[in-house]
Amino acid sequence: MKATARARANIALSKYWGKANVELNLPAVPSVSLTLDKLLTETTVHFRSDLDDDRISLDGTLVQGRPRERVVAVLNRIRERAKLDRAAEVWSKNHFPTAAGLASSASGFAALAAAATAAADLPFRAREVSAVARQASASAARSIYGGFAELPRGTDRSSDTLAAKPLHGEDHWDVCMVIALTVLGPKEVSSTEGMERSRRSSPFYDAWLDAAPKLNRRLKAGLRKRDLVAVGEAMEQSTTAFHATAFAAHPSILYFQPPTIAALRTVRALRNRGIGAYATMDAGPHVKVLCEASSARRVAGALRKAEGVQKVLITRPGSGVELR
Ligand code: DP6
2 MKATARARAN
12 IALSKYWGKA
22 NVELNLPAVP
32 SVSLTLDKLL
42 TETTVHFRSD
52 LDDDRISLDG
62 TLVQGRPRER
72 VVAVLNRIRE
82 RAKLDRAAEV
92 WSKNHFPTAA
102 GLASSASGFA
112 ALAAAATAAA
122 DLPFRAREVS
132 AVARQASASA
142 ARSIYGGFAE
152 LPRGTDRSSD
162 TLAAKPLHGE
172 DHWDVCMVIA
182 LTVLGPKEVS
192 STEGMERSRR
202 SSPFYDAWLD
212 AAPKLNRRLK
222 AGLRKRDLVA
232 VGEAMEQSTT
242 AFHATAFAAH
252 PSILYFQPPT
262 IAALRTVRAL
272 RNRGIGAYAT
282 MDAGPHVKVL
292 CEASSARRVA
302 GALRKAEGVQ
312 KVLITRPGSG
322 VELR
């Protein structure tokens with residue numbers, strides 16, 4: 002009863018921000034993502050008859066508190082489904098090319114859901130694994146698939162089964178996501194907390210709920226045609242609209258740092274020089290830039306010169322979860 006899975010992080014092109022139901026972890030808006038090749042998590046789950054309690058380690062350190070509860074909740078779901086009464090030993094390792102700053106719950110929960118499903122001898126159905134990952138962290142649902150995936154918004158009827166679905170494989174479009182790492186360290190406000198605070202107190206929250214599905218539709222239409230301008234413009238507006246919503250919450254949530262602005266200005270300057278480059282950001286200060294693969298080196302070179310940018314990585318579309 003032991004299995005290992007690998008999953009990669011994904012970056013949302015149109016953002017998930019806000020929950021339709023906190024308990025069921027249902028997103029209030031649809032999102033589309035790109036799974037990346039380089040940011041990989043490998044997780045082994047072993048259900049053992051000789052263990053009293055789950056033992057979870059991440060990068061060699063025992064996990065405690067709230068992060069442990071989130072992992073145990075995934076294990077419980079799998080145990081319930083498999084009618085299994087065994088504690089699990091879980092080892093997880095992030096193979097990220099650089100240390101702090103990009104640790105992602107998406108690759109982690111996708112690998113965990115897949116490894117636990119296989120270790121419990123349940124049939125591997127991508128949709129079901131995606132739904133389990135989504136309950137832990139909604140963005141993780143998208144990392145089950147390679148290339149471009151969509152997580153629809155949740156409704157009460159879709160409670161337990163809401164999952165991401167594949168849109169286009171990793172060979173659909175020869176693009177890169179160039180990542181500019183700015184200020185390293187843990188995020189100031191978790192996405193879960195940021196979303197709830199935005200819902201409770203941001204005067205822009207309803208406008209965001211109204212705009213997000215339209216931006217998502219525009220983005221998907223552009224993606225089908227591999228139209229960088231259409232995708233890039235919808236992607237940037239999805240990011241600016243969600244950050245504006247969070248910034249207007251009370252207390253205000255500000256994920257930007259000075260090098261974030263420098264990187265965003267660099268992206269605009271690249272466009273003024275005729276290079277197709279568009280920025281997106283998550284709940285943190287790093288800037289991720291979408292461009293054609295043929296311009297990735299130039300984009301990376303410009304971002305390296307932006308004041309305060311610590312490191313730049315060029316990533317490509319990556320594959321979905323793999324059992325080993
Ligand atoms: C800004 O998936 O981390 O990266 O479901 O509460 O765990 P929870 O949130 P999470 O949120 C990701 C938010 C985002 C946008 C995105 O990835 O779509």
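Residue numbering for the sequence shown follows this note's numbering, starting at 2 and increasing by one per position. Beta carbons: idealized from backbone N, C-alpha and C, even for Gly. Fair warning: this is a prediction, and the values are worked out from it, not measured in the lab.
Straight-line CA distance for residue 32 to residue 263?
Those two C-alpha atoms are separated by around 27 Å.
When the Cα of residue 161 is compared with those of 137, 180, 148, which residue comes out closest?
137
Taking 8 Å as the threshold (C-beta atoms), are residue 316 and residue 145 in contact?
no
Cβ of residue 18 versus every heavy atom of ligand 1: is any distance shorter than 7 Å?
yes
With DSSP as the reference, label residue 260 as helix, strand or coil.
helix
Taking 8 Å as the threshold (C-beta atoms), are residue 178 and residue 59 in contact?
No, they are not a contact pair.
Check whether the segment 226 to 242 touches the segment 298 to 314, counting contact only when three or more Cβ pairs, one atom from each stretch, lie closer than 8 Å.
They do not touch, by the three-pair rule.
Just the C-alpha distance for residue 199 and residue 51, rounded to the nearest angstrom, thanks.
Those two C-alpha atoms are separated by around 45 Å.
Got a sec: does ligand 1 put a non-hydrogen atom nearer than 7 Å to the Cβ of residue 108?
no
At a cut of 8 Å, does the segment 305 to 315 reach the segment 205 to 222 through at least three beta carbon pairs?
no
Residue 8: which of 17, 69, 130, 74 sits nearest, CA to CA?
Here the closest residue by C-alpha is 130.
Taking 8 Å as the limit between beta carbons, can you name the residues of its chain near residue 286, skipping five residues before and five after?
Around residue 286: 183, 184, 256, 257, 258, 260, 261.
Can you tell me whether residue 26 sits near ligand 1, meaning its C-beta is under 7 Å from at least one heavy atom of the ligand?
yes
Just grab the DSSP bridge partners of residue 32 for me.
Paired residues: 152.
For residue 284, verify whether its CB is less than 7 Å away from any heavy atom of ligand 1.
yes
Do residue 117 and residue 75 have their C-beta atoms within less than 8 Å of each other?
yes
Going by Cα to Cα distance, which pick from 125, 163, 149, 119 is closest to residue 135?
When only C-alpha atoms are compared, the closest one is 163.
Between the Cα of residue 174 and the Cα atoms of 227, 277, 320, 95, which residue gives the shortest distance?
227
Report the three-state DSSP secondary structure of residue 276 (helix, strand or coil).
coil
Going by other Cβ atoms of all chains shown within 10 Å of its Cβ, with 16 needed for buried, is residue 125 buried or exposed?
Exposed, since its Cβ has fewer than 16 Cβ neighbours within 10 Å.
Excluding five sequence neighbours on each side, which residues of the same chain lie with their C-beta closer than 7 Å to the C-beta of residue 41?
7, 9, 96, 108
So residue 1 and residue 54 are in contact, right, with Cβ under 8 Å, and what is the actual spacing, rounded?
There is no way to answer for residue 1, as the model of the chain reaches only from 2 to 325.
Indicate whether at least one CB of chain B lies closer than 8 Å to the CB of residue 294.
Among the chains in the structure shown there is no chain B, since it carries only a single protein chain.
Sorry if obvious, but does the Cβ on residue 162 come closer than 7 Å to a heavy atom of ligand 1?
no
Does residue 23 pass the burial test, meaning 16 or more other C-beta atoms within 10 Å, or should it be called exposed?
exposed
Answer with buried or exposed for residue 266, where buried requires no fewer than 16 other C-beta atoms within 10 angstroms of its C-beta.
exposed
Below 8 Å on the Cβ atoms is my guess for residue 254 versus residue 195; work out the distance and round it to an integer in Å.
5 Å
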